[in-house]
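Residue numbering for the sequence shown follows our numbering, beginning at 53 and increasing consecutively. Note that the Cβ used here is the ideal one computed from N, Cα and C, for glycine as well. Beneath this line is the structure, given in structure tokens, with notes to follow.
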Amino acid sequence: AQLVDKLGDDATVTSRVDATHDAASNLIDSLSNIISADMSSLENRRQEKLIAAAERSIGALCTVKKSLIQGVPATSTVERYPSRECR
């Protein structure tokens, strides 16, 4: 939201998630979210300030990031569709 506020409602912003995977342990070692925005309408100094402010906001407010850093437990459940009876 901060990027759109500063760049305008028609701003082009994309988000990409990259992961590194350890095949031996079959675990994801790290996740990296890359947010790209067209900031060509801003001077370099304003671009740098906006990037720094956005990164601070993400660190403080992003529920997913804070949960992952905390080590949120993950569960999996397999269930049948309620409309089907087991015969």
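Worksheet entry | alanine 71 (DSSP reduced to helix, strand or coil) | strand
Discussion item. When you compare the region 105-120 with the region 64-80, are there three or more beta-carbon pairs, one atom per stretch, that lie closer than 8 Å?
Written reply: no
Discussion item. Taking 6 Å as the limit between beta carbons, can you name the residues of its chain near threonine 72, skipping five residues before and five after?
Written reply: Asp81 and Ser82
Worksheet item: Are leucine 59 and serine 93 closer than 8 Å when you measure CB to CB?
Response: yes
Discussion item. Using the three-state DSSP reduction, which class does alanine 104 fall into: helix, strand or coil?
Written reply: helix
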